[in-house]
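To start, the structure under review is shown below, and the notes come after it.
Protein chains: 2
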Amino acid sequence: MFPIIRADSPVPIFEQIERYWVFRIATGHPQPGEFLPSVRKLAQKLLIHPNTVVNAYEQLEGAGIITARRGVGMEVTMEAPGICKKRREEMVKLRLQEILAESTQGGMSPTEILRLLRVEIKTREDNKA
Amino acid sequence: MFPIIRADSPVPIFEQIERYWVFRIATGHPQPGEFLPSVRKLAQKLLIHPNTVVNAYEQLEGAGIITARRGVGMEVTMEAPGICKKRREEMVKLRLQEILAESTQGGMSPTEILRLLRVEIKTREDNKA
DNA sequence: ACAGGTGTACTAGGTAGATAGAACACTTGG
DNA sequence: CCAAGTGTTCTATCTACCTAGTACACCTGT
Chain P
1 MFPIIRADSP VPIFEQIERY WVFRIATGHP QPGEFLPSVR KLAQKLLIHP NTVVNAYEQL
61 EGAGIITARR GVGMEVTMEA PGICKKRREE MVKLRLQEIL AESTQGGMSP TEILRLLRVE
121 IKTREDNKA
Chain U
1 MFPIIRADSP VPIFEQIERY WVFRIATGHP QPGEFLPSVR KLAQKLLIHP NTVVNAYEQL
61 EGAGIITARR GVGMEVTMEA PGICKKRREE MVKLRLQEIL AESTQGGMSP TEILRLLRVE
121 IKTREDNKA
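Protein chains in written order, with our numbering: chain P, 1 to 129; chain U, 1 to 129.
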């Protein structure tokens with residue numbers, strides 16, 4: 001239910017939280033009108049400082065994905081699903097581009113990347129079963 | 001020839017440099033016995049501080065990929081190609097795993113990731129031609 | 001010998017991210 | 001009304017990373 005946070009990742013925690021909700025809302029949960037977990041609750045759940053959650057939520061609010069309702073919570077906007085779907089695809093594309101750039105620059109072929117991805121997907125499926 | 005550095009990336013510059021040489025050496029250039037560009041030259045080329053290059057080279061030396069030769073330069077070791085090939089595959093795998101974890105956690109299917117990767121590869125090929 | 005290139009080491013300062021703790025403003029339900 | 005929950009704001013501190021500048025130790029070709 002709650003995002004998996006890696007403190008050792010070079011990606012800032014607040015950004016990991018932001019990305020998580022973009023992906024979730026793009027998928028349909030939570031829907032417009034529903035609320036995100038409160039700043040304090042999420043902070044407690046993730047064992048991080050509330051201010052870090054505030055930081056993440058401010059990013060989402062700035063993008064028009066949620067609106068802050070004092071004394072109530074952070075409400076998912078009507079436009080959120082559309083915005084998040086676009087952003088999600090953009091984010092995945094950017095990551096893939098980074099891998100491709102780094103790999104080809106280092107002399108690795110795109111075909112090899114494709115093969116590794118297929119292997120990873122199969123490994124994940126096997127671990128599930 | 002020289003690595004492309006993104007100062008705005010969450011990945012530290014010294015780590016970007018480190019990754020670059022791992023990929024290059026895994027591919028066969030430079031070879032064992034050859035030298036990496038000097039701390040000062042690379043720093044000048046990348047418009048960064050020499051200390052940052054030192055940091056990157058220390059990582060490579062710690063991994064047994066290069067040996068520092070005072071007054072001469074940083075020499076690629078005999079074991080470097082083997083080490084770098086392993087590390088390169090590990091690094092790409094880790095990146096792919098991160099994307100898969102984030103995406104599936106957010107409700108995106110692995111098949112969709114595969115499709116996006118194919119699109120990106122094709123786009124890159126088209127841009128070349 | 002020496003000049004110019006190498007790696008190495010050190011102190012200092014700046015920024016971004018995260019933490020810590022406190023205080024304030026608002027809404028809701030009892 | 002008021003207690004408990006919400007979002008908001010603030011100062012302070014810590015760490016990692018990068019920059020800046022300097023100095024030192026070493027090797028090589030002339």
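All residues carry an ideal CB built from backbone N, CA and C; glycine is no exception.
Item, Value
"Where P:Met78 falls, given that 16 or more other Cβ within 10 Å makes a residue buried", "exposed"
"Whether P:Leu100 touches U:Ile121 by CB criterion (8 Å)", "yes"
"Alpha-carbon spacing of P:Ile66 relative to U:Pro10, whole angstroms", "25 Å"
"Secondary structure, alpha helix (DSSP H): runs of 4+ residues fully inside the stretch 37-98 of chain P", "39-46, 50-62"
"Residues bridged to P:Phe35 [DSSP beta-bridge criterion]", "P:Glu75"
"Cα-Cα separation, U:Ser38 to U:Glu61", "14 Å"
"Chain P residues whose Cβ lies nearer than 8 Å to that of U:Leu42", "Neighbours of U:Leu42 on chain P: none; closest Cβ ~16 Å, over 8 Å."
"Beta carbon proximity, U:Arg87 to chain P, threshold 8 Å", "no"
"Partners in chain P for U:Lys128, counting only beta-carbon separations shorter than 9 Å", "Result: empty, since nearest Cβ-Cβ is about 10 Å, beyond 9 Å."
"Coarse secondary structure for U:Val11, derived from DSSP in three states", "coil"
"Proximal residues to P:Asn55 (C-beta, below 8 Å), its chain only, five neighbours per side dropped", "Phe14"
"Interface partners of P:Lys93 on chain U, CB under 7 Å", "Leu116, Glu120"
"Proximal residues of chain U, C-beta to C-beta of P:Met74 below 9 Å", "Residues of chain U passing the Cβ test: none, with the nearest at roughly 18 Å."
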